[in-house]
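Here full-length UniProt numbering is used: the first residue of the sequence shown is 1, the next is one more, and so on. To keep things clear, I will list the structure first and then write my remarks on it.
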Amino acid sequence: MAFWGIELKEGGVVTYDRRFQEAEGRLRVTKGCFGRNVSSDARCLVECRVGRQLPPPTVLCILDKPNKIEMCPLDIEFGGDEQVHFSISGDGGMFPVESVHLSGYFIEK
């Protein structure tokens, strides 16, 4: 088992592609949480698109500071050959989020 983690920023996309990873196996994402310095009214969707999936993206979780949902446990596994595009989106820019972190691990073959 090998650790995996990324930081997502508003307006950006982070692509996971196993071909460029040293670890072998399938990716299991286990947690999403706000980064540091989150505003008291922060709210965002954590999303992904798999392969060439057309919009809209799939929502993995919603993080919502006013309702005290600052961390979300996940149990999502992605195949070894899939490209996964992770992103976050705020609520129309009204509730800005500086960053969100996703973490998990690789399941060895």
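Where a beta carbon is used, it is the ideal one built from N, C-alpha and C, also for glycine.
{"query": "Euclidean distance between Cα positions of glycine 51 and arginine 18", "result": "12 Å"}
{"query": "Beta strand (DSSP E) segment containing arginine 26, residue limits", "result": "26–34"}
{"query": "Nearest-angstrom Cα separation, counted from valine 84 out to proline 56", "result": "14 Å"}
{"query": "C-alpha gap between methionine 1 and phenylalanine 78, whole angstroms", "result": "15 Å"}
{"query": "CA nearest to the CA of threonine 58, picked from Ile107, Arg49, Ile6 and Ile88", "result": "Arg49"}
{"query": "Residues near isoleucine 6 in its chain [Cβ-Cβ closer than 6 Å; skip 5 each side]", "result": "Val14 and Leu102"}
{"query": "Buried versus exposed, by CB contacts within 10 Å (16 or more), leucine 27", "result": "buried"}
{"query": "Boundaries (first-last residue) of the beta strand (DSSP E) holding glutamate 47", "result": "43–50"}
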